[in-house]
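Read through the structure below, which is laid out as structure tokens, and then see the notes.
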Amino acid sequence: MNRIYSIVILLFIIGLSRVNAQSIDTIWLSSLDINKASLGWGQPGQNKSCQGNPITINGIQYASGFGTHANSSLYISLKGGSQRFSAIVGIDDEVKVSIGTVVFSIYGAGQLLWKSNIIKAGSPPEKFDINVSRIDTLLLKVDGAGDGNGWDHADWANAYFLVSGTKPVTVGRIIEEAVILTPKNPPSPQIHGPKITGVRPGHDFLFRIPATGNRPMEFSAKGLPAGLKLDEKSGIISGNENIPGRYEVELTATNKLGSCKRKLTIAVGDQIALTPPLGWNSWNCFACAVTQEKVFAAADAMINSGLADHGWNYINIDDCWMVKPDSDDPILGGKVRDEAGNMLTNKKFPDMKALADKVHSRGLKIGIYSGPGPKTCAGYEACFMHENQDAAQFAKWGIDYLKYDWCDYEKIAKDHSLPELKKPYVTMMEALGKVDRDIVYSLCQYGMGDVWEWGAEVNGNCWRTTGDITDDWSSMEEIGFNQAGHEKYAGPGHWNDPDMLVVGKVGWGPDLHPTRLSPYEQYTHISLWALLASPLLIGCDMTQLDDFTFNLLSNDEVIDINQDPLGKQASRILQLENMEIWAKPLEDGSIAVGMFNRGMFGSKIVLKWSDLGISGKRTIRDVWTQKNLGVFDTRFEASIPSHGVKLVRIYR
Ligand code: GAL
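Right, dumping it as structure tokens:
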């Protein structure tokens, strides 16, 4: 017995000495493949800042480190082989302005392991040394500290692991599978899209009845005003009606498998854009690489993909269709206006009227871009001092939507006082008021002077509330979730616009890439924009729509929330750390609710009737899967993945 006991002790001592003898290596973070990091700007710096300078914080230079830029993340697989991780973190001294502010954080095993305070440019660095011995995958994050990510040049200086086993390796972002939730529409006819549309008396009306189902399909419409006619084969209603009024029209779509009816109110009156515009815009995919062919291909794809059958109808050309003053490029340069002062197009857009006619012949509408300054943002001819003439020109071409971008007017405006901010938008409002065409007026000045408070006053049908969106989580979430409080300014005819959609293949042209939003993030993006009653302008190359993107854009119950005739924008009704609940009242008395998880890890959210101001039994419907989830008494609880959403509709 004693012998056995001694052997056990001996084996234990041998084992222990093995452990002790096991060497501990120091592995520098900068020796790993840091190119796997994602950065808000610049390049991952190996022993350098994100701008390529030696890593320097608060006057001290560090030989080793990883220079990055918020919002930044880097995943490192440790597989339990590392004991400790330490570093000194701060904003690089190359930032000379005071706006750089960041927070560093480290996650592992589903938990926050360490978080810095808010670190400002020029402030002393923070130091940490944490135990990572049980961690499989580590995530190093740097986020802006609530003031955007401008100048957030962040350094992980002297960062190293003490390693006793498997060596650390960086890994790409772990992205969930893209699951399609939207059920396919049946082959029998279904009519979708807005339930109300507005037109001014005597102005051209164009409405392509959005209907899914097998073709051929026949359409009919009861109760159309006398000035409008329906093409029974294409379902396109056109014409012009002089007599103001609300015309209650009954639409019918019929194919071999059956027929479907739906009501459409045609409101002939002062107001247009009675529901948020739905369409496509060229900027987020092509930027200045846009051409007439690409625009027409987008219009074709809108029809051929089937998206137009769900209500999408605007095809909007953004910047870069005009002549670029002083350009040597024979395609872009040349005379900016003709002798009579009419604005000319560049050679990529040889015939704007023909393009507009072609788009209209499909039953779709066409939009254009310009600005109140002498030039556009991209340096092309704009409307300054030619507003009346340009508005008339747009109308003559058959334009239905004008995005009017402040940009270069910056050098004309005396300051950012309210009268100066409003002035150019009033001038174009008056010019548009003189043309005999309905042109949706979209103000683009990034929210200056709280434009939501006066956008409707200058006849804006929508106004950008923010700067430009990009296809990453931090940009999309910051813009989307910052819309709280704007809801009281939205309503039929005038909408807050938190910028265009970044799903599908985007890239600000000529090179495109799939959106960098993960599938859950894309569900969040579309759900939130639908709840916000935002104009929905698809920003991707329409000719490269994949099934997942189509799924996001063709869910009729999601589109119905956005297009609801009541025209209410959702309010944030609950904010608990990373969880948010937004609710939008709908015309039929039901409520659309988005339950969002902005955090790094999956979590449960409880929706209480008391938070919604309702009581009694309610039926909950999952909007993305279009399935009822049951009847609930006082609350509804859901597990929401990181960056994901549960979008529900609550019925009495
Ligand atoms: C920006 C605008 C973008 C895009 C761009 C064109 O000011 O916010 O959406 O239109 O100009 O140059």
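With this note's numbering, the residue at position 630 of the sequence shown is 630, and numbering never jumps. Just so you know, even glycine gets a beta-carbon here, dropped at the ideal spot from N, CA and C.
Item	Value
Nearest residue (CA-CA) to Glu-587, options Asp-622, Glu-580, Ile-538 and Arg-652	Arg-652
Three-state secondary structure (DSSP) of Gln-657	Coverage of the chain is limited to positions 1 through 652, which leaves residue 657 absent and any answer about it impossible.
Proximity test, Trp-283 beta-carbon vs the ligand GAL heavy atom, cut-off 8 Å	yes
Start-end ranges of the alpha helix (DSSP H) lying completely within the segment 273–335, minimum 4 residues	283–286 and 292–304
Own chain, CB closer than 6 Å to Asp-390, minus 5 neighbours either side, in chain order	Met-343 and Cys-383
Reduced DSSP category for Cys-444 - H, G, I as helix; E, B as strand; rest coil	strand
Residue closest to Ser-30, alpha-carbon to alpha-carbon, out of Asn-242, Ile-24 and Tyr-62	Tyr-62
Straight-line Cα distance separating Glu-241 from Lys-396	19 Å
Sequence-distant residues of its chain with Cβ nearer than 6 Å to Ala-298 (five each side left out)	Trp-280, Ile-315 and Met-542
8 Å contact criterion, which Lys-120 and Thr-101 should meet: CB distance rounded	5 Å
Proximity test, Lys-229 beta-carbon vs the ligand GAL heavy atom, cut-off 8 Å	no
Continuous alpha helix (DSSP H) stretch holding Gly-480: start and end	473–481
Neighbourhood of Met-579 by C-beta distance below 8 Å, restricted to the same chain and skipping five residues each side	Met-595, Phe-596, Asn-597, Arg-598, Gly-599, Ser-603, Ile-605 and Ile-640
Element boundaries [alpha helix (DSSP H), containing Pro-424]	418–433
Three-state secondary structure assigned by DSSP to Asn-555	coil
C-alpha gap between Ala-340 and Asp-357, whole angstroms	24 Å
Contact belief for Thr-515 with Asp-471 at Cβ below 8 Å, rounded distance in angstroms	4 Å
Tyr-404 Cβ short of 8 Å to the ligand GAL heavy atom set	no
Residues bridged to Asn-628 (per DSSP)	Arg-621
Residue environment, Asn-35, which counts as buried when at least 16 other CB atoms sit within 10 Å	exposed
Check: Met-352 C-beta below 8 Å from any heavy atom of the ligand GAL	no
Buried or exposed by the 16-neighbour rule on C-beta atoms within 10 Å, applied to His-416	exposed
CB-CB length for Asn-496 against Gln-569, believed under 8 Å	6 Å
Spatial distance of Val-502 from Ser-518 (CA atoms)	11 Å
Neighbourhood of Thr-634 by C-beta, 6 Å cutoff - its chain only, sequence neighbours within 5 removed	Trp-609
Cβ neighbours of Gly-227 in the same chain (closer than 7 Å, five flanking residues each side left out)	Gly-239, Asn-240, Glu-241 and Asn-242
Beta-carbon contacts of Lys-646 that lie in its chain and below 6 Å, excluding the five residues immediately before and after	Met-595, Ala-638 and Ile-640
Those residues which DSSP pairs with Pro-585 across a bridge	Ile-591
Cβ-based neighbour list, Ile-237, same chain, cut-off 6 Å, excluding 5 preceding and 5 following	Phe-207, Leu-228 and Leu-230
Ile-650 versus Leu-607: straight-line alpha-carbon distance, rounded	11 Å
Unbroken beta strand (DSSP E) run spanning Ile-526, endpoints	First-last for Ile-526: 519–531, but that is the alpha helix (DSSP H), not the beta strand (DSSP E).
Beta-carbon proximity check, Pro-325 vs Val-336, cutoff 9 Å	yes
Check: Tyr-314 C-beta below 8 Å from any heavy atom of the ligand GAL	no
As assigned by DSSP and simplified to three states, the class of Met-1	Note that Met-1 scores 48 on pLDDT, short of 50, meaning its location in the model is unreliable; the coordinates nonetheless yield the value given after this. Coil, per DSSP.
The segment 35–53 touching the segment 188–206, judged by at least three CB pairs closer than 8 Å	no
DSSP state of Ser-133 mapped onto helix, strand, coil	coil
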